[in-house]
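Undergrad: Numbering (our numbering), first residue to last: 1 to 132. Quick reminder that beta carbons are idealized off the backbone N, C-alpha and C, glycines included. Just so it is clear, the structure is predicted and the values come from calculations on it, not from any experiment.
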Amino acid sequence: MTTSDLPAEGQTDVSADGTEAPFDDVITLSTATGADGVVTVTVVGEVDTFTAPVLRSTLDSQLERQPSELVIDLSGVQFFGSAGLAVLVETQKSARAREVSLRLIATTRAVTRPLEVTGLIDLFTIADSPSR
């Protein structure tokens, strides 16, 4: 795919048959706040160049609320590309600047392998379940 294949900024992607084909249909994000003030953002689907900005926006919004801890649950992610890694690194920087604890839930090879290969896994607190 070349950049000319992508929709222009603010434009909807349209498939060959003229129907709408949005890129954000491959990711689902949900947010929950626990009684202890911990915010969990659950990600399901694929995190790539097209969906990473949606994830970044959601994480930034949650960090602005100054939770005691931000948990990013990536256990439902089937693909995690370099754009997703960049989002995690930027979120880690933002969390540290705000003194917000950050924890990842990573149970699938699709997420853990890119973190391991790049050496980024050492930057994060990683759990295999929501419990501490």
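#1: Measure how close the beta-carbons of A52 and G76 come, nearest whole angstrom, since I'm counting them as under 8 Å.
#2: Have a look at the DSSP bridge pairing and note the partners of G45.
#3: Is there contact between the stretch 53-68 and the stretch 85-103, where contact requires at least three CB pairs shorter than 8 Å?
#4: By a C-beta neighbour count over all protein chains shown, 10 Å radius and 16 as the cutoff for buried, is V117 buried or exposed?
#5: In the structure shown, what three-state DSSP assignment does E69 receive?
#6: Mind checking R103: buried by the 16 CB within 10 Å criterion, or exposed?
TA: Put simply:
#1: For the purposes of this step, residue 52 is taken as residue 52 along the sequence shown, with counting starting at 1. For the purposes of this step, residue 76 is taken as residue 76 along the sequence shown, with counting starting at 1. Not quite, the Cβ-Cβ distance comes to about 16 Å (not below 8 Å), so this is no contact.
#2: For the purposes of this step, residue 45 is taken as residue 45 along the sequence shown, with counting starting at 1. For G45, which the question treats as bridged, DSSP gives the partners I27 and V77.
#3: yes
#4: Reading the sequence shown from its first residue, position 117 is the one you call residue 117. Burial call: exposed.
#5: Mapped onto the sequence shown, residue 69 falls at position 69. Of the three classes helix, strand and coil, the one that applies to E69 here is strand, per DSSP.
#6: Mapped onto the sequence shown, residue 103 falls at position 103. Buried, by the Cβ-count rule.
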